[in-house]
Amino acid sequence: MPETGRAGMREVFGMRETLVLNASFEPLSTVTLRRAVVLVLQGKAVVEQAHPELRVRAAAVELPVPRVIRLSRYVRVPFRRRAPWSRRGVLVRDRYQCAYCGRKATTVDHVVPRSRGGGDTWLNTVASCAEDNHRKADRTPEQAGMRLLRAPFAPSPSDALVLGLGGAGRQALPDWLPVPA
1 MPETGRAGMR
11 EVFGMRETLV
21 LNASFEPLST
31 VTLRRAVVLV
41 LQGKAVVEQA
51 HPELRVRAAA
61 VELPVPRVIR
71 LSRYVRVPFR
81 RRAPWSRRGV
91 LVRDRYQCAY
101 CGRKATTVDH
111 VVPRSRGGGD
121 TWLNTVASCA
131 EDNHRKADRT
141 PEQAGMRLLR
151 APFAPSPSDA
161 LVLGLGGAGR
171 QALPDWLPVP
181 A
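Here it is, written out as structure tokens:
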């Protein structure tokens with residue numbers, strides 16, 4: 001199994017974030033790889049899934065590079081019914097695909113324009129390419145003669161967390177962890 005030497009360590013610690021599960025196996029957040037390693041070394045978390053080929057070595061410890069860790073003790077979290085809306089969240093939810101043409105999305109479009117009373121909500125915003133966003137302007141999709149390829153939806157907080165891991169991160173998750181489509 002390859003090890004991470006001093007030079008490769010910066011590259012490994014610059015990798016994507018590690019998913020943190022509560023002791024009850026529900027997704028809580030993501031942390032940097034460095035923070036995940038510290039939590040495991042302090043005994044506050046256990047590695048649930050590790051990268052199959054990479055290991056972190058220190059003076060007296062060798063540890064697999066964690067992809068998913070689970071906290072050893074249950075952390076009480078205030079119930080959050082909805083994920084907070086954000087521009088990045090909309091792009092991640094729609095997987096950076098334009099809701100009108102399917103190409104790469106770089107902007108967020110309001111289905112009901114803000115000038116007509118539409119707000120920054122999960123159900124009123126979709127990822128859009130700049131061309132389609134400009135073409136639609138301050139009209140509804142019907143008025144602009146455009147149709148949505150898929151309806152916007154409000155992800156649950158745990159869905160938003162898992163979606164935020166990116167495609168490769170989601171594919172690397174264990175089979176027993178539910179992943180949003």
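Just so you know, we're using full-length UniProt numbering here: the sequence shown kicks off at 1 and counts up by one. Note that beta-carbon positions come from the ideal geometry of N, C-alpha and C, so glycine has one too.
Are the CB atoms of residue i and residue j nearer to each other than 8 Å?
i	j	result
D159	K136	no
P113	R139	yes
A23	R82	no
T30	V20	yes
L28	V65	no
Y96	L149	no
Assuming residue i contacts residue j (C-beta within less than 8 Å), just tell me the rounded distance between them.
i	j	result
residue 184	L91	Residue 184 lies beyond the residue range present for the chain, which begins at 1 and ends at 181; the question has no answer from this structure.
C129	R147	That pair is no contact at about 15 Å.
V111	P152	7 Å
Buried or exposed for residue i, please, with buried defined as at least 16 other CB atoms from any protein chain shown within 10 angstroms of its CB.
i	result
M1	Because the pLDDT at M1 is just 40, under 50, the model does not fix this residue reliably, and the point stays unresolved.
V40	buried
D132	buried
T18	buried
R6	In this prediction, R6 has a pLDDT of 48, which is less than 50 and means its spatial position is unreliable; nothing more can be read from the coordinates.
D94	buried
V56	buried
### Message
Across the segment 62-72 and the segment 34-53, are there enough close Cβ pairs to call them in contact, namely three or more that are closer than 8 Å?
### Response
Yes: the two stretches touch, three or more of their Cβ pairs being nearer than 8 Å.
### Task
Scan the UniProt domain "HNH nuclease" (85-134) and note each continuous alpha helix (DSSP H) run of 4 residues or more that stays entirely inside, going in chain order.
The qualifying runs are 87-93.
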